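In the numbering used here, the protein residues as written are 5 to 586.
The beta-carbon is built from N, C-alpha and C at its ideal position, and this holds for glycine as well.
Values in this document were obtained by computation on a predicted structure and should not be read as measured data.
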Amino acid sequence: MLSALGLSSMTDLLFEAIPDAIRNDDHLSLRPAASESEATAALRQMMSKNRVLKSAIGAGYHNCLIPSVIERTVFRNPGWYTQYTPYQAEISQGRMEVLLAWQTMIADLCGLPLAGASLLDEPTAAAEAMAMARNIARGKGNVFLLDVDAHPQTIAVVLGRAVPMGIEVRVVSPESFDFGDDVFGCLVQMPNTTGRLHDHSGVADAARAAGAVPIAAVDPLLLTLMRSPGEMGFEIAVGSAQRFGVPMGFGGPHAGFLATQSNHVRRMPGRIIGVSRDAEGRPALRLTVQTREQHIRRDKATSNICTSQVLLAVMSGFYGIWHGPEGLTEIAERVRDLADLAANSLEAAGFAVEAGPRFDTVAFRPEHVENTLSQAEEAGWNLRDFGDGRVGLTVDETFTLQDLELILSALGCTLLPTQSSNWPESLVRSSTFMTYAVFHTHRSETQMLRLIKRLESRDLSLCHSMIPLGSCTMKLNAASEMDPVSWPEFSAMHPFAPESQTEGWKEFLADLERSLAEVTGFAGVSLQPNAGAQGEYAGLMTIRAYHEARNESHRNICLVPTSAHGTNPASAVMAGMTVVPL
């Protein structure tokens, strides 16, 4: 290429291509370049400043066990970890088959006929569901009712997303939901952030009777035991599949999910894997609902979601295939039994324990919150401080009876036997789920290994060649990046761990922010957006805030080239702007 252009080096090519007016010849003030081994050693030293305690914090983030066959042959395998949301079905049949299993698993657990090929996380899924509900109930008004006991990160994202859309969010108890003429939808959390389980079918019925769209934010492991949201009358269900084989990772990334009724398919965010046939009549997978994609609808799109957490959804999909419905149910029953055991033991020791029914979390009131948190921390555990005199203890699939005995002993409790959980009949699941053969035929490591390798061979990845169609998500993660991600200092850290335990994370993130600010020339950098389209949205929201701060909020027109990526106009509309295409 250089020879054809009459150039001798890549440097010459760059000088020819980049105009003098925008070329920066200043020296960048970055840390000296390091070899792989030096960089890994520096990272080890930095992250060693973290204190990794075992988490019993909960709040939507859980310790989990990644089956070794999945960690070894998916998470650590560039044939899988370079994959992205497939634009081209013909070179993506393997990952699409796993995503189809993921969709089936989520739809079955939620008791709704349709699920998408994953979203960015649970709070984003909740915000997307809110926008989707307003689209469904168009003309109903601009009020959205949100469970006051939803997870705090969900409340924060929904409130932030609502502002530019002109939505009024009322954060109240579901018992106080008032479905007036101006209410277009509602969201309840099951179980709620304090661990309490409610039968919210009455909320769903009241919402539908008023022409509003009811949404349930749910825990997928709980749904193996609890009556599904679809059976309770909810039209949309959202949540996170993090506890299905994906580490906490200080908050992400994790695959979020959204399931809904078939008649809402055109209003769903993201993409759906569908089963079709090729030119020779053989079964083939394809991306469906393409007509509502941003590339076609542009500023009429109802969501700016473009990519999704494919690697994480693939891992969770394989986790479901590996365990099957029986294995998932067994894990859920163990978790529930341990939570009941904890509640009974705490109550017997004189703690005021929040009443059930519960699934995995026990909220209780100690005499001195700080002392209780300190006692648990000294024993190697983090509990949750609700900030109102209550403390939370959440168990998960990694907990053993010995773990529970240790943490209770640190709190001055004796482990006492308890009767099996007594849920009201209205909460108990009786319907079947995950009945397809794929969830029942891969029980040995050999069978699972062959399935993973067979599907991997049906994809084009960066193991094979460059990938056509440029995208922010088509890149090779270096082995020296993927290895540290599996270190406990990265993977086992809860996002709400006490700041005194996260010194390494803070130094690591601050260093990255400084480096990016130096490279881009900007004053500050946010690492919060978890996709390119979310970065666009964050930038546009910053621009919006800038104009509002100068009392110029009338400046709401966003110029977007017609050649721009489809998420650009969609992000502008979500930020409350009027798009003018050029």
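Same chain only: Cβ atoms within 7 Å of residue i, ignoring 5 sequence neighbours per side
{"i": "D112", "result": "F437, M438"}
{"i": "P71", "result": "G249, Y323, W326"}
{"i": "T295", "result": "Caution applies to T295, whose pLDDT of 44 falls short of 50 and renders its modelled position unreliable; the model cannot decide the point."}
{"i": "A352", "result": "L420"}
{"i": "V176", "result": "L149, V152"}
Alpha-carbon to alpha-carbon, residue j and residue i
{"i": "G396", "j": "A496", "result": "19 Å"}
{"i": "M64", "j": "A542", "result": "For clarity, residue 64 is Gly in the given sequence; the question names Met instead. Spanning the two alpha carbons is a distance of roughly 24 Å."}
{"i": "F4", "j": "A208", "result": "With the chain represented from 5 up to 586, any question about residue 4 goes unanswered, as that position is not in the structure."}
{"i": "L408", "j": "T158", "result": "29 Å"}
{"i": "P156", "j": "R301", "result": "33 Å"}
{"i": "E449", "j": "M319", "result": "15 Å"}
{"i": "D182", "j": "A283", "result": "53 Å"}
{"i": "V152", "j": "M134", "result": "15 Å"}
{"i": "L345", "j": "G328", "result": "26 Å"}
{"i": "R200", "j": "G360", "result": "6 Å"}
{"i": "S461", "j": "D400", "result": "34 Å"}
{"i": "W491", "j": "A211", "result": "46 Å"}
{"i": "H569", "j": "Q246", "result": "29 Å"}
{"i": "L377", "j": "A414", "result": "10 Å"}
{"i": "R554", "j": "E540", "result": "22 Å"}
{"i": "G278", "j": "S96", "result": "13 Å"}
{"i": "Q538", "j": "A166", "result": "15 Å"}
{"i": "S12", "j": "P573", "result": "41 Å"}
{"i": "A141", "j": "T365", "result": "35 Å"}
{"i": "L315", "j": "G234", "result": "27 Å"}
{"i": "I61", "j": "L387", "result": "5 Å"}
Simplified DSSP assignment, three categories, for residue i
{"i": "F512", "result": "helix"}
{"i": "E423", "result": "For clarity, residue 423 is Gln in the given sequence; the question names Glu instead. The answer is coil: DSSP assigns Q423 none of H, G, I, E or B."}
{"i": "T376", "result": "helix"}
{"i": "W385", "result": "strand"}
{"i": "D463", "result": "strand"}
{"i": "P82", "result": "helix"}
{"i": "M194", "result": "strand"}
{"i": "V152", "result": "coil"}
{"i": "E556", "result": "coil"}
{"i": "I276", "result": "strand"}
{"i": "V584", "result": "strand"}
{"i": "F188", "result": "strand"}
{"i": "V56", "result": "coil"}
{"i": "S96", "result": "strand"}
{"i": "S41", "result": "helix"}
{"i": "T108", "result": "helix"}
{"i": "F1", "result": "Since the displayed the chain opens at 5 and closes at 586, residue 1 lies outside it and no answer follows."}
{"i": "P257", "result": "coil"}
{"i": "I219", "result": "strand"}
{"i": "R76", "result": "helix"}
{"i": "A119", "result": "strand"}
Buried or exposed (CB count within 10 angstroms, at least 16 for buried), residue i
{"i": "G416", "result": "exposed"}
{"i": "E40", "result": "exposed"}
{"i": "Y550", "result": "exposed"}
{"i": "D515", "result": "exposed"}
{"i": "Q532", "result": "exposed"}
{"i": "T590", "result": "The structure shown does not extend to residue 590, since the chain spans only 5 to 586, so no value can be given for it."}
{"i": "D186", "result": "exposed"}
{"i": "G184", "result": "exposed"}
{"i": "E493", "result": "buried"}
{"i": "M14", "result": "exposed"}
{"i": "A336", "result": "buried"}
{"i": "C467", "result": "exposed"}
{"i": "F79", "result": "buried"}
{"i": "E485", "result": "exposed"}
{"i": "N426", "result": "exposed"}
{"i": "S307", "result": "buried"}
Cβ-based neighbour list, residue i, same chain, cut-off 8 Å, excluding 5 preceding and 5 following
{"i": "S33", "result": "E522"}
{"i": "V161", "result": "P127, T128, A130, A131"}
{"i": "N481", "result": "P82, Y85, T86"}
Same chain, Cβ closer than 6 Å to residue i, neighbours up to 5 away in sequence not counted
{"i": "M236", "result": "S205, A208"}
{"i": "N196", "result": "D153"}
{"i": "S232", "result": "C114, G115"}
{"i": "G120", "result": "L262, M272, G274, I276"}
{"i": "I110", "result": "A119, F261, A263"}
{"i": "T566", "result": "P585"}
*Between the stretch 237-246 and the stretch 257-269, do at least 3 Cβ pairs fall closer than 8 Å?*
Result yes; three or more Cβ-Cβ pairs closer than 8 Å.
*Taking three-plus beta-carbon pairs below 8 Å as touching, is the stretch 353-368 in contact with the stretch 100-118?*
No: the two stretches stay apart, fewer than three of their Cβ pairs being nearer than 8 Å.
_Check whether the stretch 271-279 and the stretch 499-514 touch, using three or more Cβ-Cβ pairs below 8 Å as the test._
Verdict: no, contact absent.
*So, do the stretch 45-60 and the stretch 423-442 have three or more beta carbon pairs nearer to each other than 8 Å?*
At 8 Å Cβ cutoff, the stretches do not touch.
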